Every structure is written in structure tokens, then in C-alpha cells.
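Remember, the numbering used here sits 1 above the position in the sequence shown when you count from 1.
Even glycine gets a Cβ: it sits at the ideal position worked out from N, Cα and C.
Since this is a predicted model, take the numbers as computed values, not measurements.
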Amino acid sequence: MAITEKRIKIIEDQLAMLINGATILNHAPLKKRGSRKGISKTTKQKVIARRLKTALK
């Protein structure tokens with residue numbers, strides 16, 4: 002599958018998030034997990050890594 006412009010944009014966004022350790026809002030499974038505190042930075046990074054993997058497939 003070719004890497005399209007849209008995918009490149011997604012990958013860039015995800016990498017930026019990973020570097021900044023930014024919180025991933027607007028992502029239901031992440032918001033719901035745990036309490037109001039949400040989830041830890043490492044879990045977020047794992048999620049981003051997983052998204053990058055799928056984006057690069």
C-alpha cells in the first residue's frame with residue numbers, strides 16, 4: 002500500500018506527539034481508561050507507536 006499524503010501527515014503528527022509526550026485527547030479508549038487522570042505517558046507513547054506502525058504498513 003502506498004504511503005499517501007494523508008498518511009504522511011498522520012505520521013508527522015504522531016511523531017510530534019511522541020516527541021512532546023503530548024496528551025492524546027479525542028481518543029475514546031485513552032480517555033476512558035482509568036480514572037479522570039486518564040492514562041500514563043508511556044501508555045500514550047505505546048499507542049502512538051502502534052498507530053505509526055499501522056500507518057507505515
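When you compare only the Cα positions, how much space is there between Leu-57 and Arg-51?
One-based indexing of the sequence shown puts residue 57 at position 56. One-based indexing of the sequence shown puts residue 51 at position 50. If you take the alpha carbons of Leu-57 and Arg-51, they lie about 10 Å apart.
Whole angstroms is fine: what's the gap from Ile-11's alpha carbon to Thr-43's?
By one-based count along the sequence shown, residue 11 stands at place 10. By one-based count along the sequence shown, residue 43 stands at place 42. The alpha-carbon separation between Ile-11 and Thr-43 amounts to approximately 20 Å.
Residues near Gln-15 in its chain [Cβ-Cβ closer than 6 Å; skip 5 each side]
Stepping through the sequence shown from its first residue, residue 15 is reached at position 14. Excluding residues within five positions, the ones whose Cβ falls inside 6 Å are Ile-49, Arg-52, Leu-53.
Using the Cα positions of Glu-6 and Ala-17, report the straight-line distance between them to the nearest angstrom.
What you label residue 6 is simply residue 5 of the sequence shown in a count that begins at 1. What you label residue 17 is simply residue 16 of the sequence shown in a count that begins at 1. Each residue's alpha carbon lies about 17 Å from the other.
Report the three-state DSSP secondary structure of Thr-5 (helix, strand or coil).
Start at 1 with the first residue of the sequence shown, and residue 5 comes out as number 4. It is coil, neither helix nor strand.
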